[in-house]
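Peer 1:
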Amino acid sequence: METENIVNHESSRMTAFQILSDCFFLPDPGLSEKLEDLEFNMTNVCETAVPLIQNMRKEFKAGADLEPLKVDFAKLFVGPYQLSAAPYGSVYLEGERKMMGKSTLDVRERYRDAGLDTAKTFKDAPDHISAELEFMHYLIYKEIETFANSDIETAIAFIQRQKSFLEDHLMAWVPEFAKSIIEHARNPFYPNLARATEMFLKENYEIVCTAVDFKELKPEEPVGNNPLRV
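In our numbering, the protein residues as written are 3 to 232.
1. State buried or exposed for Val210, treating a residue as buried only when at least 16 other CB atoms are found within 10 Å of its CB.
2. Among the residues of its own chain, which have a CB less than 7 Å from the CB of Ala127, if the five just before and after it don't count?
3. DSSP state of Pro221, grouped into three classes?
4. In whole angstroms, what is the alpha-carbon distance linking Tyr140 and Ala87?
5. Could you give the distance in angstroms between the alpha-carbon of Tyr94 and the alpha-carbon of Asp153?
6. Can at least three beta-carbon pairs, one atom from the region 72-87 and one from the region 187-195, be found at a separation below 8 Å?
7. Can you tell me whether Tyr207 is helix, strand or coil according to DSSP?
8. According to DSSP, what are the bridge partners of His130?
9. Report yes or no: do three or more beta-carbon pairs, one from the region 154-162 and one from the region 52-66, lie closer than 8 Å?
10. Does the region 172-184 come close enough to the region 22-40 that 3 or more CB-CB pairs lie under 8 Å?
11. Can you tell which of Gly97, Glu96 and Glu134 has its C-alpha closest to the C-alpha of Arg2?
12. Kindly give me the distance between the Cβ atoms of Leu54 and Arg197, rounded to whole angstroms, as I take these residues to be in contact under 8 Å.
13. Hey, could you find the ends of the alpha helix (DSSP H) Arg163 is sitting in?
14. In whole angstroms, what is the alpha-carbon distance linking Val80 and Ala213?
15. For Asp170, name the three-state secondary structure that DSSP assigns.
16. For Ser14, which residues of its own chain have a beta-carbon under 7 Å away from its beta-carbon, when the five flanking residues on both sides are left out?
17. Which term fits Ala66, buried or exposed, when burial requires 16 or more other beta carbons within 10 angstroms of its beta carbon?
18. Could you compute how far the alpha carbon of His171 sits from the alpha carbon of Leu68?
19. On the DSSP letters alone, give me the boundaries of the alpha helix (DSSP H) that Pro70 sits inside.
20. With DSSP collapsed to three states, give me the class of Asp24.
21. Classify Asn206 as buried or exposed, calling it buried when 16 or more other Cβ atoms lie within 10 Å of its own Cβ.
22. Is it buried or exposed for Thr199, if we count other Cβ within 10 angstroms and need 16 for buried?
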């Protein structure tokens, strides 16, 4: 693969993680434009998810009433009582389905090892789905940056971090999380998001398992709101 094509591919992968992270926040009118960008970038990295993103765009038209989506969001991810689809990894990875367990501490430690911490404005647990997706965005950004600086060893280490984080966290709990969304959502937006996210994670795992041979990449600035900070 040509260097320019590699850069475009990895930049699309990075951006898709960022926008998927944003999709798990309370919906606002700005999400319409982001979904358009998500469809464009998914075309480059996970074509099987594109029809799902197109369905999401149909459900989330600019200027449409967001109240039904906000109600669904609250029921699935916020409460105030039992969550229909808790967006926290520890709920699925811990034996007692509890929050802030050992898996949460492991996530926090991985953020810190990579030079990050949760931002003060981010009031949720470190293993919230949006934070974990944002972490993947950051790791890909660092991968591209270090390749551009000809630091191949460090770049490969960032790819290996992606692989490990997918194996130990996102791919270990998102399938059950997605299943809960599909079962309990009242409208199609969040089931489509759940399926697209799961497909994208599987595609990414295949990518990182073969990406250690990438040689020359150029840095790309991260975009969007970030629940993590350097």
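Here a beta-carbon is modelled for each residue, glycine too, at the ideal position from N, C-alpha and C. Keep in mind it's a predicted model, so treat the numbers as computed, not measured.
Peer 2: Working from what's here:
1. Buried is the label assigned to Val210, since at least 16 other Cβ atoms lie within 10 Å of its Cβ.
2. Tyr90, Met101, Met102 and Thr106
3. Residue confidence is low: Pro221 scores 43 on pLDDT, short of 50, so the model does not pin down where it sits. Its coordinate-derived value is still stated next. DSSP places Pro221 in coil when its eight states are reduced to three.
4. 25 Å
5. Going by the C-alpha atoms only, they are around 37 Å apart.
6. yes
7. helix
8. Tyr90
9. no
10. Contact fails between the region 22-40 and the region 172-184, because fewer than three Cβ pairs, one in each stretch, are under 8 Å apart.
11. The question about residue 2 has no answer, for the chain in this structure spans 3 to 232.
12. 5 Å
13. Ile154 to Phe167
14. Looking at the backbone, the Cα of Val80 and that of Ala213 are separated by about 37 Å.
15. helix
16. Asn43, Asn46 and Val47
17. exposed
18. If you take the alpha carbons of His171 and Leu68, they lie about 31 Å apart.
19. Glu69 to Phe75
20. Helix, per DSSP.
21. buried
22. buried
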